[in-house]
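Undergrad: Pasting a structure here, questions to come.
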Amino acid sequence: KIGVVSRARTMWRILAGVAVVIVVVVVVILSVAAAVVVSPATDQPHHVDALVVPSGDHGERLSRALVLLHQGVAPVLVLVGEPDSTEDIDLCHGGQSFEVVCLRPQPDDTRQEARATARLAASRHWRTVAVVTSMPMVTRARLLFSRCFAGTTEVVGANLRFGGRPAFDARFHEVGGLLYAWFWARSC
1 KIGVVSRART MWRILAGVAV VIVVVVVVIL SVAAAVVVSP ATDQPHHVDA LVVPSGDHGE
61 RLSRALVLLH QGVAPVLVLV GEPDSTEDID LCHGGQSFEV VCLRPQPDDT RQEARATARL
121 AASRHWRTVA VVTSMPMVTR ARLLFSRCFA GTTEVVGANL RFGGRPAFDA RFHEVGGLLY
181 AWFWARSC
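In this text, residue positions in the sequence shown follow our numbering: the first is 1, and each later residue adds one.
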């Protein structure tokens, strides 16, 4: 009986050790993902071929892109995805002193937006684009657009216009999306 009990204890110790390692790995991965969502590295482009604004905007992305556009950072504004505001729709109807291209990939998700932007960039022989997105999405946008676009992708972060629970939800969503892009959806 002593041998059986000893083997059972050893087995439980091994399983407990494996469980601890798994928990530590999961905590590290979630911590890294959360860190790059909360305070991602952003770029400050000086000149690019186009500014790209993915859908999901609550006003912060387009506002930041228009400031950059008026500073002469790019001659073209690309709105990709479903319109988020009447301003998006108005811009797509033209009448500005700058070129606006509106892309509506289906289904409308960040990966499809990156693919549509890459096709447009290739057809126009663009070498650089700057994606203007919300701060929590910077890392995932950089990952997906860089995978799809053969040129240089810069990513500009725009601060969220809301806090509290909606900001937490946006960051939580991005952690999930980033983990999915890192581990499962690894291609353009």
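Every residue, glycine too, gets a C-beta built ideally from N, C-alpha and C.
Relative to the C-alpha of residue 117, which residue among 60, 72, 52 and 17 is closest?
TA: In the sequence shown, residue 117 corresponds to position 117, counting from 1. Nearest of 60, 72, 52 and 17 to residue 117, Cα basis: 52.
Undergrad: Excluding sequence positions up to five away, which residues of its chain have a Cβ less than 6 Å from the Cβ of residue 154?
TA: The residue labelled residue 154 in the question sits at position 154 within the sequence shown. So the list reads 43, 45 and 130, once near-sequence residues are dropped.
Undergrad: Name the DSSP beta bridge partners of residue 92, please?
TA: Position 92 of the sequence shown, counting from 1, holds the residue named residue 92. Bridge partners of residue 92: none, in fact.
Undergrad: How is the alpha helix (DSSP H) around residue 79 delimited, first residue to last?
TA: As a position in the sequence shown, residue 79 is number 79, starting the count at 1. Looking at the DSSP string, residue 79 is not in any alpha helix (DSSP H); the run it does join, the beta strand (DSSP E), is 76-80.
Undergrad: May I ask which residues mark the beginning and end of the beta strand (DSSP E) holding residue 42?
TA: As a position in the sequence shown, residue 42 is number 42, starting the count at 1. No beta strand (DSSP E) contains residue 42, which DSSP labels as neither H nor E.
Undergrad: Run the proximity test for residue 103: is its beta-carbon closer than 7 Å to any non-hydrogen atom belonging to the ligand NAP?
TA: The ligand NAP is not part of the structure shown, which contains no ligands of any sort.
Undergrad: Taking the beta carbon of residue 110 as the centre, do at least 16 other beta carbons fall within 10 Å, making it buried, or is it exposed?
TA: On the sequence shown, position 110 is the one that residue 110 refers to. By the 10 Å Cβ count, residue 110 comes out buried.
Undergrad: Hey, how far is the Cα of residue 170 from the Cα of residue 7?
TA: The residue labelled residue 170 in the question sits at position 170 within the sequence shown. The residue labelled residue 7 in the question sits at position 7 within the sequence shown. Each residue's alpha carbon lies about 48 Å from the other.
Undergrad: Within its chain, find whatever has a CB closer than 6 Å to the CB of residue 112; leave out the 5 residues flanking it on each side and keep chain order.
TA: On the sequence shown, residue 112 is found 112 positions in, with the first residue counted as 1. So the list reads 105, once near-sequence residues are dropped.
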